[in-house]
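Since the structure comes first, as structure tokens, the remarks are kept for the end.
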Amino acid sequence: MAQKKKVTATVVSQKEIAEQIYDLWLETDLAKDAKPGQFVAVYPQDASTLLPRPISICEADKEKGRLRLVYRIAGKGTKEFSSYQSGDKVSVLGVLGNGFPLEKAEGKKVFLMGGGIGIPPMLQLAKELNAQKQIVVGYRNQDLFLREDLSRNGEVYVATEDGSVGSKGNVMDAIFENDLQADVIMACGPMPMLRAIKKYAEENGIEAYISLEERMACGVGACLGCVCKTKEVDHHSHVNNARICTDGPVFEAKEVDI
Amino acid sequence: MNTKVTIAGVTFKNPVMTASGTFGSGMEYGEFVDLNKLGAVVAKGVANVPWPGNQTPRVAEVYGGMLNAIGLQNPGIDVFAKRDIPFLKKYDTKIIVNVCGKTVEDYLEVVERLGDEPVDMLEINVSCPNVKEGAIAFGQKADCLYDITSQIKKKAKQPIIMKLSPNVTDITEMAKAAEAAGADALSMINTLTGMKIDINRRKFVLANKTGGMSGPAIKPVAVRMVYQAAQAVKIPIIGMGGIATADDAIEFLLAGATAVAVGAMNFVNPYATVEVVEGIEAYMKKYGVEDINELIGAVEA
């Protein structure tokens, strides 16, 4: 695994692609080590907001050395990020976490499932995964951010909460309505969605890998802030807790108690 | 130029340490900094048996700082002795183990277990605000602190540092009780008990409701308490609380601390510890300070 480091990245471009959702391209050599499902931690400049903000990697252009981060404004830190313009400098810690295990899905029939702000990491995953890809994404409304990019990398199925596009409901509704099947699931999204996927995967004997989130401080496995309950005693903690930032964020669904 | 300081017969190459709980056992930050450059690594609190810690969310940001309520999750002394101590032994730095417990017996068990291990000092955590029993109960009443300190001192083979809580009315009373009971040194301050409420959800942000506040926002409180304690006792003090830079560290030394520890700011700047070491040397050069010990308690009225 590539060494983690804190670097100064340069903003290449930024635009709002849906309400409160921003699409930020950064120039940084962290891009060359990035794997689908990993994340970076971005530091606000305002010293009153000290902690780095964990943000998933949406796309990594290894040749140009660029990372694409698609994030939602969730508070003061991300609000500050949304004001960044091309040429601005930003401190980034990365690359963090373990990413999706591509080898588990290679050549198989796979669901790539993203819900809301859990959709962005599905893009780099779709780009790198060599498999029969069914990309199932859930949005609030017709603001279908990243759908175009995703559709260039697999078959896309949409669900919207308000029913304005695709299946009305969530990603599970889209699967049932389109009568889709898969051997492996890779997913990122809100906890209720991940719980539903875990249950579906267990009932149908499907391997599922889910990306979790939790409030983090250090991002590197030292503070033990972002733990999740695990079925087995974790190798590092020796209790039933794994560190989402370091042992995750991607876990096999059956290994975690969510 | 001398940057060495000595606490209870243990000499540190420089006064910069890590604050317990913010640096694991050094493995995670060893990727960012050369642990050989640090005066000491103070490891995360360890108990006699594994502790699962609190529910999440365990951390929250506050203005200029953070709250944590990890609840002293730790793998227990057996794993610690087998894995973490040998890891730290590979480096040319002093090893300080932070000891926690729910009962006096728990503390004694860990202290005795560490007696034959190659660790330089023990830091006794009687001030964690995030566990329901033990811990802080021993650190907020002078007679309880006196009692546990003297019991540990009887069993400990290494010098002991009592880590004091700032959540008390009079820090000097606590410092004096620890000293009178035989403590070799004090470390201070542990975190200040705080709370954050999410007004949109009308819920506590932390699962534990309260958490310990750390970060630059608490530094003035920490400097004041170190100064007061240094005036009240003769034993050395390891000062901490919001140290981000060498300037912050020097403030603590001038207030009377013999050594300093970098805590929450490791999360903000993973290179902070080594930057503090280098910055202290630069300060000494700038002001022609030959020996760092000249700075300890050198604040003038």
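In order, the protein sequence lines correspond to chains F and Z. Residues in the first sequence are numbered consecutively from 0, following numbering that gives the first Met the number 0. Residues in the second sequence are numbered consecutively from 0, following numbering that gives the first Met the number 0. We treat Cβ as the ideally placed atom computed from N, Cα and C, and that holds for glycine.
Judged by DSSP in its simplified three-state form, Cys187/F adopts strand. Interface annotation, Tyr62/Z: in contact with chain F, CB-CB separation under 7 Å. Contact with chain Z is found for Val238/F, since one of that chain's Cβ atoms lies less than 7 Å from the residue's Cβ. In chain order, Ser19, Gly20, Leu71, Asn73, Asn97, Val98, Cys99, Asn124, Cys127 place their CB closer than 8 Å to the CB of Gly44/Z, counting only its own chain and leaving out the 5 sequence neighbours on each side. Contact of Ser82/F with chain Z is not assigned, every C-beta pair being separated by 7 Å or more.
Ranked by Cα distance from Ala256/Z, the first of Ala136/Z, Thr190/Z, Ala231/Z, Phe266/Z is Ala231/Z.
With respect to the 7 Å criterion, Tyr226/Z and Ala254/Z are classified as neighbours on the basis of their beta carbons. Look at Arg201/Z: its C-beta is not under 7 Å from any C-beta on chain F. The alpha-carbon of Gly214/Z is positioned some 6 Å away from that of Met65/Z. In the displayed model, Asn73/Z falls within a strand according to three-state DSSP. DSSP places Ser85/F outside any beta strand (DSSP E), giving it a letter other than H or E. At a cut-off of 7 Å between beta carbons, Arg57/Z contacts chain F. Nearest Cα to Met171/F within the set Ser150/F, Asp182/F, Ala200/F, Phe144/F: Ala200/F.
Gln157/Z carries a coil assignment under DSSP once its states are collapsed to helix, strand and coil. When DSSP states are grouped into helix, strand and coil, Arg65/F belongs to the strand group.
DSSP, reduced to helix, strand and coil, places Tyr270/Z outside both helices and strands of the structure shown, so it counts as coil. When the beta-carbon positions are compared, Ile159/Z and Asp142/Z stay at least 7 Å from each other. Chain Z places a beta carbon closer than 7 Å to that of Gly224/F, counting this residue as a contact. The way I'd put it, the stretch 184-198 of chain F does touch the stretch 154-173 of chain F; three or more beta-carbon pairs between them come closer than 8 Å. Taking the Cβ atoms as the reference, Pro117/Z lies roughly 26 Å from Ile291/Z, outside the contact range of under 8 Å. The beta carbon of Asp256/F sits closer than 8 Å to those of Cys227, Lys228, Thr229, Lys230, Asn239, all from its chain and outside the five residues before and after it, given in chain order. By the C-beta density criterion, Gln13/F is buried, having at least 16 other C-beta atoms within 10 angstroms. Beyond the five residues adjoining it in sequence on each side, Asn47/Z comes within less than 8 Å, by CB distance, of Gly75, Ile76, Gly100, Asp105, Glu108, Val109, Arg112 in the same chain, given in chain order.
Relative to the Cα of Gln2/F, the nearest Cα in the group Asp22/F, Ala30/F, Val10/F belongs to Ala30/F.
Of the candidates Leu294/Z, Met187/Z, Ala59/Z, the residue whose Cα lies closest to the Cα of Val220/Z is Met187/Z. No Cβ of chain F is located within less than 7 Å of the beta carbon of Ile147/Z. Per the DSSP secondary-structure output, Gly238/Z pairs in a beta bridge with Met187/Z, Val259/Z.
The alpha-carbon separation between Phe86/Z and Ala80/Z amounts to approximately 10 Å.
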